[in-house]
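In our numbering, the protein residues as written are 9 to 231.
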């Protein structure tokens, strides 16, 4: 499975697990979820840290974010990332030169799932509550939108997309009924102007300035 089929299968499997969590109350808490999840200070690696204030969670979140960015940067700029780029462009060609495609796909899926699980664990300890209703298809759609709007060719695209759309969502929150319309319209507009995501903005800006400078220089010579 690859492409859109892989995305559909992944979503279907996640939804199946979510409905399983809802139905099995004795083990997973059912639709009400789990209450009273302790703060990270009860875990072995964080026993010396006081989490009585939100600022402490901020520093922990910053540390986890730094770790995530370091891992993703290493994946993108190392030989591992070069191989993944080759698989993305032409997996049959990569396989023909001896690349174990399944090995790299599984490794990538495992690493990214681990990072997502780390974020989910932090969320549970921060809110002291977690429920299957926190992880619906809407969350998946929003995460995909962040990545696509930012740009899929670089991991920094997901960061840019998250920042821009999160700020836009807060700005449009005061428009009530029109909030989703404005949010969706902004998303479509960005993708129409920058099909590759907002990571193309610096390149597009340089190209526009270069084109303007050449045109100005040509007109100045003629004059």
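Heads up, the beta-carbon is just placed ideally off N, CA and C, and yes, glycines get one too.
According to the DSSP secondary-structure assignment, residue 138 is paired through a beta bridge with 42. With respect to the C-alpha of residue 168, the residue from 181, 195, 183, 188 having the closest C-alpha is 195.
Every alpha helix (DSSP H) of 4 residues or more that sits fully in the stretch 81-157 is shown, in chain order, as 87-97, 99-104, 109-135.
When DSSP states are grouped into helix, strand and coil, residue 201 belongs to the helix group.
For residue 167, the enclosing alpha helix (DSSP H) stretches over residues 164-180. Between the C-alpha atoms of residue 93 and residue 101 there is a straight-line separation of about 12 Å. Taking a cut-off of 8 Å for Cβ pairs, the stretch 121-139 and the stretch 39-51 touch, as three or more such pairs fall below it. Boundaries of the alpha helix (DSSP H) harbouring residue 27: 12-31, taken from the DSSP string. At the C-beta level, residue 201 and residue 162 stay beyond 7 Å of one another. Non-local beta-carbon contacts of residue 145 in its own chain, meaning distances under 8 Å to residues more than five positions away in sequence, involve 19, 23 in chain order. Taking C-alpha positions only, residue 176 is separated from residue 191 by approximately 7 Å.
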